[in-house]
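For reference, the structure discussed in these notes is given below.
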Amino acid sequence: MVLKNRWYAAAWAHELDDKPLARVFLGEQVVLYRDGSGAPVALADRCRHRALPLSMGKVIGDQIECGYHGLRFAPSGACVAVPGQSKVSPGSSVRAYPMAERHGWIWIWMGDADGAKPEDIPDLYWHDGPDWLATGEILNVACNYMLLVDIQLDNTHATYVHPATLGSSTIQDTPPDVIRDGETIHVRRWMLDVAPPPIWALAGRFAGNVDRWILASFSPPSLCSFDIGAAEAGSGAQDGDRSRGVTMRTSHFITPETETTCHYFWLFARNYALDDGALSDKLHAGIAATFHEDVDIVEAQQRSMSARPGAVQIDVNADTPTIQTRRLMERLIAEEAI
Amino acid sequence: MVLKNRWYAAAWAHELDDKPLARVFLGEQVVLYRDGSGAPVALADRCRHRALPLSMGKVIGDQIECGYHGLRFAPSGACVAVPGQSKVSPGSSVRAYPMAERHGWIWIWMGDADGAKPEDIPDLYWHDGPDWLATGEILNVACNYMLLVDIQLDNTHATYVHPATLGSSTIQDTPPDVIRDGETIHVRRWMLDVAPPPIWALAGRFAGNVDRWILASFSPPSLCSFDIGAAEAGSGAQDGDRSRGVTMRTSHFITPETETTCHYFWLFARNYALDDGALSDKLHAGIAATFHEDVDIVEAQQRSMSARPGAVQIDVNADTPTIQTRRLMERLIAEEAI
Amino acid sequence: MVLKNRWYAAAWAHELDDKPLARVFLGEQVVLYRDGSGAPVALADRCRHRALPLSMGKVIGDQIECGYHGLRFAPSGACVAVPGQSKVSPGSSVRAYPMAERHGWIWIWMGDADGAKPEDIPDLYWHDGPDWLATGEILNVACNYMLLVDIQLDNTHATYVHPATLGSSTIQDTPPDVIRDGETIHVRRWMLDVAPPPIWALAGRFAGNVDRWILASFSPPSLCSFDIGAAEAGSGAQDGDRSRGVTMRTSHFITPETETTCHYFWLFARNYALDDGALSDKLHAGIAATFHEDVDIVEAQQRSMSARPGAVQIDVNADTPTIQTRRLMERLIAEEAI
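Protein chains in written order, with our numbering: chain A, 55 to 392; chain B, 55 to 392; chain C, 55 to 392.
Have a look at this one:
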């Protein structure tokens, strides 16, 4: 039910140091740490000797030492020392996972190491680009990761899930264009020559109407990103000229933990009023509250589905993006299984 | 293991308003609310679209709106609106359960709707009759519902489970008459010309001896009711004249939630000293404490039985009422399964 | 996976009185109490009538009375009274377990009663001998009992698990002699003519070097005991003369509760400075902290093993004592199963 040969978000860069961090990805127990040079390391979190999680041990230089009998493992997973022995049998090594650090996140590759190419990590320039200011969280959420993907891609939920903040928009009245582009699914809404809602009026100091856009996309294995903004009506934003507008970006990376739990990384960035700390705090709080409302929904869905697995669901018009996404994922997962 | 084509207590009338109430009956997840006219409604608590519990949504007039994408359902279970669509496919409806409100309780029918006749709800006149004052609770109890039925029907437990309150009575020394009357099992104890215990002496201000009665009955699916009282010795109570006596009634309705949990509704009513608020408080506290002692027993039984399912039990003389009750229930359940 | 025809530690003597104590041994629910003479009694903790744990009842003289309907059971397990009946059917009795009290512990025999001979209880004279002062605990630990046996028998863990207290010793550099003696496995370390570590320097007020010993042994079903000490170098301790030395003893009895939990009895005794209460407090606190560190390790091991049962383990040189112990146990368990 998951793609293995893909990069997954594993941690925020600031979460990782020379203290072992235990985390489960795709059902596998992993210990994360930074080696002596600061590079991220991920190993199977289980000593080959007596099964103690290596995350209960300590990092010494590049290596991690088991907290029970002191076996040491290198970033390659090789067991390099067994106290009381001069030799180490080759079967003592543990699995090492390819790792990368990019755009403020630590990335892990859960499949065949041969396929791990850091250049395949998506370009999330708004995470750490010079014109952007970003903030975010990691949440452990008790649902299958695809339920969190679904809720990102179907914005018609805003009226019902976020009535206090996003509900009164014109989003519901504007069916999106759903466009398949290779392995990416785009869900695009343009609202032209409309009155700016308060948040955009404040952000862009618009005197009159605006052209608004909500451009969402899904990329396997589980990245949803949003490009949301407004520009002076008729100023050419739809043709690519955003010089008279403001933009927000969000990234949602949902890394499966187990079949019914996931790690939810969300990030919000903006390209305006970068020096306004009070605005930053206000936006972070408001956005976090909104995303936590999503979490309440998907966790309740999961409980309901677990109570009656396999119960038939009906589809509605608004499901087009999520249905296309699930079909794409099913095809990719089936291809990987061959 | 349960009868489906019966009325079950679902809620106290005062528990239900226009806020959705989630509750599980006979393993089925149900949402309860009152429609615009105040009538109770019960629907399957799972949107047909994406499985969100409808109880996370809100009641709008007669309808309930799903908290995820806004689908609306009528009291009949019919889906009457899907935002973004002009049509609603007929497969979108959810199950609706027949409901009734009577004697202070909301009743639900879990079987075939055709058989639901409100006149089959038992006449519990002491719940809300003019000469009566009633009080009670709903408790969620971690045992199979029949264990709570058992403990009602075998009063010999009082000496051991309720030594501080009921233990010193003459109940143990008076084997009951166990009488089968159609689908009802009566367990009757008459104690004639005996000294009144303190509670009755106080209630009836008796100068001398009394005739006492403890008349219990079981009616499917899981109602135990008690008629308990005392009258002046020889004043004709056993022949139906209670004019020189006082009576208490209790109702115990135990609605299965899962195989090993249930909703325990208990109600206590009296027909004397109706204006004595201090007495009401004292009686409620004492009776609640006693019934909570029962709960401790049946939950411990359930844990013990779950730890060793199928272990052989022996029967004793005092089990006559509970054995007859279980035989009746087994026969009715078998008949319903045909 | 366990030996049944053995004595197991069931409780500290001071834990048992005329209040029923519920405890699970080898997966069986047992109620413990002292009869009228103070002798320990153990019965199956489940009334034969309606399965209530007898531990919810009360002890009356030698007997225990069920807290539901008052059935009474003698220390033999025989049901001796059923309220409301003059006769008791013989099938009403519950299983009784042979018991003994020795060396400050209550012992239970979980196998065929015929084989229960109190003289087979090991001679743990340091628990209650006149020259000794003992202290200890019972801990409920969430691991298979053999993981706690393992950690006792492989002292190379001290450097990694107890770095603050035991880690800086010369233990790791001294491979032990592992000696099989009937059903006992000895793991012996002698360190001759070495500088005394602070704890021994303080205990024995040694002016110069010492001969140190760490003599561990395992006896089925799950007793690990340690004889640890130091004496003036060359004063003959290795030949049995400890007159110029000091000794500490520890006992670790690990009674299986379920497959993945156990009761861990530990006891520490010393034969010096018996009147020094401050030292007693300090030693108890330090030793308890050390053994709790062991518990953290074995519980993490169990979680790891339960997450991936059957994953292959490698062995290292230091595993000789634990491997021999597991082989012995496997052989004895196989023999018992015949």
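Ideal Cβ positions, reconstructed from N, Cα and C, are used throughout, including at glycine.
Do C:G165 and C:N59 come within 7 Å of each other at the CB atom, strictly closer than that value?
It is a contact, given that the beta carbons lie within the stated cut-off.
Applying the 10 Å Cβ sphere with the 16-neighbour rule, what's the burial state of A:D293?
With a threshold of 16 other beta carbon atoms within 10 Å, A:D293 falls short and is exposed.
In the segment 122 to 153 of chain C, which residues sit with their C-beta less than 7 Å from some C-beta in chain B, listed in chain order?
Near chain B, meaning a CB-to-CB distance below 7 Å, the residues of the segment 122 to 153 of chain C are Y122, H123, G124, V136, P137, G138, Q139, S143, G145, S146.
Under 7 Å Cβ to Cβ from A:V203, same chain only, skipping five residues before and after it: list those, please.
Within the same chain, and ignoring the five residues on either side of A:V203 in sequence, the residues whose Cβ sits closer than 7 Å to its Cβ are F272, S276, C278, I308, T379.
Against chain A, does B:M164 count as a neighbour if the rule is that its beta carbon must be under 7 Å from one of theirs?
It does not: the Cβ of B:M164 has no partner Cβ on chain A nearer than 7 Å.
Under the three-state reduction of DSSP, which class applies to B:M153: helix, strand or coil?
It is a strand residue.
Closer than 7 Å between beta carbons: that is the criterion. Which residues of the segment 95 to 109 of chain C meet it against chain B?
Against chain B - using a Cβ distance shorter than 7 Å - the residues of the segment 95 to 109 of chain C are R100, R102, H103, R104, A105, L106, P107.
Work out the CA separation of C:V215 and C:D185 for me, nearest whole Å.
A direct Cα-Cα distance of roughly 32 Å separates C:D185 from C:V215.
Under three-state DSSP, which class holds B:R242?
Here B:R242 sits in strand by DSSP.
Please tell me whether A:I162 and A:Y62 are closer than 7 Å, where the distance is taken between their beta carbons.
With respect to A:Y62, A:I162 sits close: the two C-beta atoms are nearer than 7 Å.
Straight-line CA distance for C:D182 to C:F322?
Near 11 Å, if we compare the C-alpha coordinates of C:F322 and C:D182.
7 Å CB neighbourhood of B:Q117 in its chain, flanking five on each side removed:
Taking B:Q117 as the centre and dropping the five residues before and after it, the same chain places the C-beta of R126, F127, A128, V134 closer than 7 Å to its C-beta, in chain order.
Would you grab the beta carbon distance between A:P375 and A:D208 for me? Rounded to a whole angstrom, and I think it's under 8 Å.
A:D208 and A:P375 do touch by the CB rule: their CB atoms are close to 6 Å apart, below 8 Å.
With 16 as the cutoff for other CB atoms within 10 Å, does C:I233 come out buried or exposed?
Residue environment: C:I233 is assigned as exposed (fewer than 16 neighbouring CB atoms within 10 Å of its CB, all protein chains considered).
Answer with buried or exposed for B:R239, where buried requires no fewer than 16 other C-beta atoms within 10 angstroms of its C-beta.
Residue identity check: residue 239 of chain B is Ile in the sequence provided, not Arg. Flag for B:I239 reads buried.
Residue range of the beta strand (DSSP E) that C:S358 falls in?
Unbroken run through C:S358 is the alpha helix (DSSP H), 331 to 361; no beta strand (DSSP E).
Inter-residue Cα distance where the pair is C:A255 and C:M302:
The alpha-carbon atoms of C:A255 and C:M302 are separated by roughly 14 Å.
In chain C, what lies closer than 8 Å to A:Q117 by C-beta?
Those do not exist, as A:Q117 stays about 14 Å from chain C at its closest Cβ, beyond 8 Å.
Determine the extent of the beta strand (DSSP E) in which C:M302 is found, giving its start and end residues.
Start and end: 299 to 312.
Against chain A: residues of the segment 333 to 346 of chain C by CB proximity under 9 Å:
Within the segment 333 to 346 of chain C, no residue places its CB atom closer than 9 Å to a CB of chain A.
Is the CB-CB distance between A:M359 and B:A105 below 7 Å?
Cβ distance < 7 Å, so A:M359 and B:A105 count as in contact.
Let's see if you can read the secondary structure: which residues bound the alpha helix (DSSP H) around C:L252?
First, the amino acid is wrong: residue 252 of chain C is Pro here, not Leu. Element bounds for C:P252: 252 to 258.
Among A:D89, A:H68, A:N194, A:F345, which one has its Cα closest to the Cα of A:Q424?
Within the shown structure, residues of chain A are numbered from 55 to 392, placing residue 424 of chain A beyond reach of any answer.
Taking the beta carbon of B:T210 as the centre, do at least 16 other beta carbons fall within 10 Å, making it buried, or is it exposed?
Counting Cβ neighbours within 10 Å, B:T210 comes out buried, since at least 16 surround it.
If C:N198 and C:Q83 are in contact, beta carbons under 8 Å, what's the gap, nearest whole angstrom?
Between C:N198 and C:Q83, the beta carbon gap of about 19 Å keeps them out of contact (Cβ cut-off 8 Å).
Residue environment, A:R259, which counts as buried when at least 16 other CB atoms sit within 10 Å
Around the beta-carbon of A:R259, fewer than 16 other beta-carbon atoms lie within 10 Å, marking it exposed.
Give the straight-line distance between the Cα atoms of B:L146 and A:I368, rounded to the nearest whole angstrom.
Note that residue 146 of chain B is Ser in the sequence shown here, rather than Leu. Computed Cα separation, rounded: 7 Å.
Note down, in chain order, each residue of its chain lying with its Cβ closer than 7 Å to the Cβ of A:A285, except the 5 sequence neighbours on either side.
Excluding sequence neighbours, A:A285 sits near V264, D265, A291, R296, R298, G299.
8 Å Cβ cut-off: residues of chain C touching B:Q355
Residues of chain C whose Cβ lies closer than 8 Å to the Cβ of B:Q355 are, in chain order, R104, A105, L106, Y122.
Beta-bridge pairing of B:N194 - partner residues as DSSP gives them:
Partner(s): B:H317.
Are A:V195 and A:V349 closer than 7 Å when you measure CB to CB?
Yes, the Cβ-Cβ distance between A:V195 and A:V349 is below 7 Å.
Using a C-beta cutoff of 7 Å, does B:N371 count as contacting chain C?
Chain C contact via Cβ: present.
My output table needs one value for A:Y62: the three-state DSSP class, helix, strand or coil.
DSSP places A:Y62 in strand when its eight states are reduced to three.
Since B:C80 and B:P251 should fall inside the 8 Å C-beta cutoff, what is the C-beta to C-beta distance between them, to a whole number of angstroms?
A small correction: the amino acid at residue 80 of chain B is Leu; Cys does not occupy that position in the sequence shown. Not quite, the Cβ-Cβ distance comes to about 39 Å (not below 8 Å), so this is no contact.
Who are the Cβ neighbours of C:H157 in its own chain at under 7 Å, not counting the five residues just before and after it?
Only residues of its own chain outside the window of five on either side were considered, and among them L178, H181, D182 have a CB closer than 7 Å to the CB of C:H157, listed in chain order.
Can you check DSSP and say which residues form a bridge with A:L269?
Here A:L269 is bridged, per DSSP, to A:R242, A:D281.
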